[in-house]
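The structure appears below as structure tokens.
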Amino acid sequence: MRAFAQSGRYVYAASGAHIRRQQRSCQTYILQKRMCRSPARSKMPLNKIQCGLSLGSAACLLTLMACVPVEQIVEEQETRILAPATERAEEVLHDSEAPELPVSSGALLPKERLLQSGILDIGEASAPLTLLVFTEHHCGYCKEFHNEHFLYLMSDFVDNGTLRIQFVHFPLHKYANSGVAAKGVLCAARQGKGLAFSTLLFERTFKDLESQLTYAKEMELDTDIFVQCMESQEEDTLLAEQQEWAMSLGIEYVPSFLLNGEKFVGLPYYADLRGRIEQALTKQL
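Letter 183 of the sequence shown, counting from 1, is numbered 179 in this note's numbering, and no numbers are missing.
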């Protein structure tokens, strides 16, 4: 199998058993991204091929020849924040292909810290690598990261102290309760249960204020403190500052990631994400 480097990533040429891999890679370059976005500024046709290289280049042509085009775009996959992304994003891993989820060797829920900036921090503060995750509770791919990839990362890297994960909950204006959900996680984190509350929001359909008060009682939070926090303008200001900071980093889609400052967009296969982390670890040695 031959691989052609493109902007630090790889496109694989077809070869027998690797055809499935190539199909996934090719679909990467069609504007059917594995991310959630809000209404578009750009009017680019949805079937326009985004290859990064000239269509005449050998790498792109070899990849496209082995592709099975994707024709439908689920609205949730097209929930955009600002402008069309050019970074790599991959299609959903089918259940039949998914390995059994690992069980973290740590506690059922890892110890969390709420940073002054409002970022939810998981893992050892001394970890050599930091994965910053920009997420949102209506985004299906964000939910998949939270329910699957996060568990793998805990087992493979966080538990042994090589990685810390930081969550930034990035509201999408497309969803009326997106900001309320982000604020709910922040207020639950004030009581040490931000991660658990975030997990509950991904699981439950309703994310409005009344529903969140029910969830707070269910999680045995101090509801008086939770209500005061949800009514606080200080928390709104903190979330607004957090969103402005994210925009300054060029965050345009959720999920988006920064691994020790290197940005990539869309939900990758876990094997690809693990490879990125392992490569970054070798650079630390």
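Glycine included, each C-beta is placed from N, C-alpha and C at the ideal position.
Near Gln208, what residues of its chain come up, given a Cβ to Cβ distance below 6 Å and the 5 sequence neighbours on each side ignored?
Close CB contacts of Gln208 within its chain, under the 6 Å cut and outside five residues either way in sequence, are with Gly180 (chain order).
Suppose the cutoff is 8 Å on Cβ atoms and the five residues either side in sequence are ignored; what does the same chain contact list for Arg160 look like?
Asp117, Ile118, Gly119, Glu120, Ala121, Ala123, Leu125, Thr126, Leu127 and Val154
Which residues does DSSP pair with Ile118 in a beta bridge?
Glu108 and Ile161
Identify every run of the beta strand (DSSP E) within the segment 182 to 235, keeping only runs that are complete inside it and at least 3 residues long; order them along the chain.
none
Met281, DSSP secondary structure in three states
According to the sequence displayed, residue 281 carries Leu and not Met. Of the three classes helix, strand and coil, the one that applies to Leu281 here is coil, per DSSP.
Which one of Ala172, Tyr171, Ser174 and Asp218 has the shortest CA to CA distance from Lys189?
Asp218
Ordered along the chain, which non-local residues of its own chain (more than five positions away) have a Cβ less than 6 Å from that of Ala177?
His133, Leu197 and Lys203
Are there three or more Cβ pairs, one per stretch, closer than 8 Å when the segment 138 to 149 is compared with the segment 256 to 272?
yes
If you reduce the DSSP assignment to three classes, tell me which class Ser252 lands in.
strand
Straight-line Cα distance separating Leu168 from Glu237:
If I take the Cα positions, the gap works out to 15 Å.
In the DSSP assignment, find the alpha helix (DSSP H) that holds Glu140 and state where it starts and stops.
Gly136 to Glu140
From what residue to what residue does the alpha helix (DSSP H) around Phe146 run?
Phe146 to Leu149
Using the three-state DSSP reduction, which class does Lys259 fall into: helix, strand or coil?
Note: Lys259 maps to strand in three-state DSSP.
Which first and last residues belong to the beta strand (DSSP E) in which Leu128 is found?
Leu125 to Thr131
Rounded to whole angstroms, how far is the Cβ of Ala242 from the Cβ of Asn256, which I believe are closer than 8 Å?
With 8 Å as the limit, Ala242 and Asn256 do not qualify as a contact, their Cβ atoms being about 17 Å apart.
Work out the CA separation of Lys259 and Ser244 for me, nearest whole Å.
Computed Cα separation, rounded: 13 Å.
Taking Cβ positions, are Ser252 and Phe130 nearer each other than 8 Å?
Yes; because the gap between Cβ atoms is below 8 Å, this pair is in contact.
Using a Cβ-Cβ cutoff of less than 7 Å, which residues in the same chain neighbour Arg272 once the five nearest sequence positions on both sides are dropped?
Leu255
Might you give, ordered along the chain, the residues of its own chain that have their beta carbon closer than 6 Å to the beta carbon of Tyr171, omitting 5 neighbours on each side?
His134
Near Ala185, what residues of its chain come up, given a Cβ to Cβ distance below 6 Å and the 5 sequence neighbours on each side ignored?
Leu110 and Leu116
Please name the residue, chosen from Ala192, Cys183, Glu230 and Glu199, that lies closest to Asp220 on a Cα-to-Cα basis.
Residue Cys183 is the option with its Cα nearest to Asp220.
Using a threshold of 8 Å, state whether the C-beta atoms of Ala192 and Met226 are closer than that.
no
Take the Cβ of Asn156 as the centre, count every other Cβ of all protein chains shown within 10 Å, and call the residue buried at 16 or more, exposed below.
exposed
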